[in-house]
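For reference, the structure discussed in these notes is given below.
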Amino acid sequence: MTEAATLVIKGGRVVDASGERDADVVVVDGRIAAVGADLSADRTLDASGCIVAPGLVDLHSHLREPGKEEAETVETGARGAALGGYTAIIAMPNTTPAIDSAAVVRQVLELGRTAPCDVFTSGAITVDRAGEQLAPMAEMAALGVKIFTDDGAGVQDNRLMRRAMEYASGLGVTLAQHCEDDALCGGGHMHEGEWSARLGIAGQPAEAEELMVMRDIALARLTGCRIHFQHLSTARSVAMVREAITAGLPVTAEATPHHFTLTHAECAGYDPVFKVNPPLRTEADVAAVKAGLLDGSIATIATDHAPHTTESKELPFDQAPPGMLGLETALALAITELDLSITQVLAALSWVPARVAGIDDVHGRPVAEGEPANLCVIDPEVTWVVDGAQMASRSTNTPYQGREVRGRVRHTVLHGEAVVVAGEPQR
Ligand code: NCD
Ligand code: ZN
Numbered sequence: 073m074t075e076a077a078t079l080v081i082k083g084g085r086v087v088d089a090s091g092e093r094d095a096d097v098v099v100v101d102g103r104i105a106a107v108g109a110d111l112s113a114d115r116t117l118d119a120s121g122c123i124v125a126p127g128l129v130d131l132h133s134h135l136r137e138p139g140k141e142e143a144e145t146v147e148t149g150a151r152g153a154a155l156g157g158y159t160a161i162i163a164m165p166n167t168t169p170a171i172d173s174a175a176v177v178r179q180v181l182e183l184g185r186t187a188p189c190d191v192f193t194s195g196a197i198t199v200d201r202a203g204e205q206l207a208p209m210a211e212m213a214a215l216g217v218k219i220f221t222d223d224g225a226g227v228q229d230n231r232l233m234r235r236a237m238e239y240a241s242g243l244g245v246t247l248a249q250h251c252e253d254d255a256l257c258g259g260g261h262m263h264e265g266e267w268s269a270r271l272g273i274a275g276q277p278a279e280a281e282e283l284m285v286m287r288d289i290a291l292a293r294l295t296g297c298r299i300h301f302q303h304l305s306t307a308r309s310v311a312m313v314r315e316a317i318t319a320g321l322p323v324t325a326e327a328t329p330h331h332f333t334l335t336h337a338e339c340a341g342y343d344p345v346f347k348v349n350p351p352l353r354t355e356a357d358v359a360a361v362k363a364g365l366l367d368g369s370i371a372t373i374a375t376d377h378a379p380h381t382t383e384s385k386e387l388p389f390d391q392a393p394p395g396m397l398g399l400e401t402a403l404a405l406a407i408t409e410l411d412l413s414i415t416q417v418l419a420a421l422s423w424v425p426a427r428v429a430g431i432d433d434v435h436g437r438p439v440a441e442g443e444p445a446n447l448c449v450i451d452p453e454v455t456w457v458v459d460g461a462q463m464a465s466r467s468t469n470t471p472y473q474g475r476e477v478r479g480r481v482r483h484t485v486l487h488g489e490a491v492v493v494a495g496e497p498q499r
């Protein structure tokens, strides 16, 4: 590496799980060498007016490789992640082939080795995510996979899900669920309600998500297996998760920026950029997701970054694939739209997801001497206008095109190397 020997992040306010203080941060050889006043080094990154925090961790990134490289690659997804302040992302397994074996896990990890963000991967719960046969979780866990999910689909079969949870408990890994009952959702393209009726688009009822949340809470009680609920979107889902956590069950959950900022009314123009699974829901659901983030029932924010090519997103609403970009806008949307302190925002985006992902030995660490230097520097006041065409992603399907948001990443440091400087990617 040709990086300067030492680096100082100067003039910022350090925020981590242990609190806040004004301090410079010196980085040497991939680690934090000092945190304090008036420090200097060979190279300076200006952090005046900025927050200096542990790098963000995304529990839910669709990187499309292998198989859909025209929409995204591990490299372009990771570059967008670094620009968004992430130093670690967890790839979802709905690739082609699916990430359901040691061979594909190895392939994705290898692709991520030179990326400007640490790339971890989830593994599928079932072979080809088909929901019929358990995938070889042990051989994937042996390669360091800590989260298993059939994301893009939920595991429909109750008995198979129970077996998966028993197996996962034994391996000490976490199962993550995309909660959606296929039979109830079948043929639906948006939330079933006032807007689907008005637009004449077939809907997916909130109950399709809630039934699976309810079942998996019951199975967590039965098996003791840790379960993480992905992209929760309904008020009753949030209430059930809150109650399960209060009851002491090993349950965690994530919310996406789109589920705390957008409602089904966005679909009024039949624009597939607003098509996503689970679908955008009602104002009451959005309020409940926000309340869940505020009281900690939903302890993490995940992007569900889901790139799709322009051609596929130009299809009619009922034919276009669901999903929207997220990595480059999540932090700003959280800062702009949530009634949370910056510490609460960073908890939900960094150290709590690091724990859920089981990577909290390297990510979401305190900003302190001796710790790995995975950091992001955020200007919390600067405003900017979202533009899909300017993103690092190969795709442009952001639902926030033209929207003004507040808060932007100035620098990102990965294992001591400045991979984003003044908002520009360095590799
Ligand atoms: C995701 C995708 O495009 O892979 N789409 C989506 O609408 N969220 C799959 C998923 O996360 O369920
Ligand atoms: Zn999903």
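Each residue of the sequence shown is one higher than the one before, starting from 73 at the first, in my numbering.
Glycine included, each C-beta is placed from N, C-alpha and C at the ideal position.
In this structure the segment 457-475 lies against the segment 141-151, because at least three pairs of beta carbons, one per stretch, are closer than 8 angstroms. Residue burial is scored here from C-beta neighbours: Glu383 has fewer than 16 other C-beta atoms within 10 angstroms and is therefore classed as exposed. Looking at the DSSP output, Val191 sits in a beta bridge with Ile161. About 7 angstroms separates the beta carbons of Ala105 and Glu441, which is inside the 8 angstroms limit, making them a contact pair.
In the three-state DSSP reduction, Leu79 falls in the strand class (E or B).
Per DSSP, Cys257 is not a residue of any beta strand (DSSP E); the alpha helix (DSSP H) it occupies stretches across 254-257. When the five nearest sequence neighbours on each side are left out, the beta carbons in the same chain lying within less than 8 angstroms of the beta carbon of Leu399 are those of Asp130, Ser133, Gly149, Gly152, Ala153, Leu155, Gly156, Tyr158, Ile161, Thr375, His377, Ser465, in order along the chain. Shown here for Thr381: same chain residues with a beta carbon closer than 7 angstroms to its own, the five before and five after excluded, namely Glu142, Ala143, Ser467 in chain order. Look at Arg115 here: in three-state DSSP terms it is strand. In this structure, DSSP gives Gly341 a helical state, which the three-state scheme calls helix. DSSP places Ile289 in the helix class (H, G or I) of the three-state scheme.
Spatial neighbours of Lys140 in its own chain (CB-CB distance under 6 angstroms, excluding positions within 5 residues in sequence) are not present.
Sixteen is the threshold: when 16 or more other Cβ atoms of the shown chains lie within 10 Å of the Cβ of Asp190, as they do, the residue is buried.
In this structure, the alpha-carbon of Leu232 lies about 12 angstroms from that of Asp288. The Cβ atoms of Gly460 and Val99 lie no closer than 7 angstroms to each other. Gln179 and Phe192 have their alpha carbons spaced roughly 11 angstroms apart.
In this structure, Asp223 has its CB closer than 6 angstroms to one or more heavy atoms of the ligand ZN.
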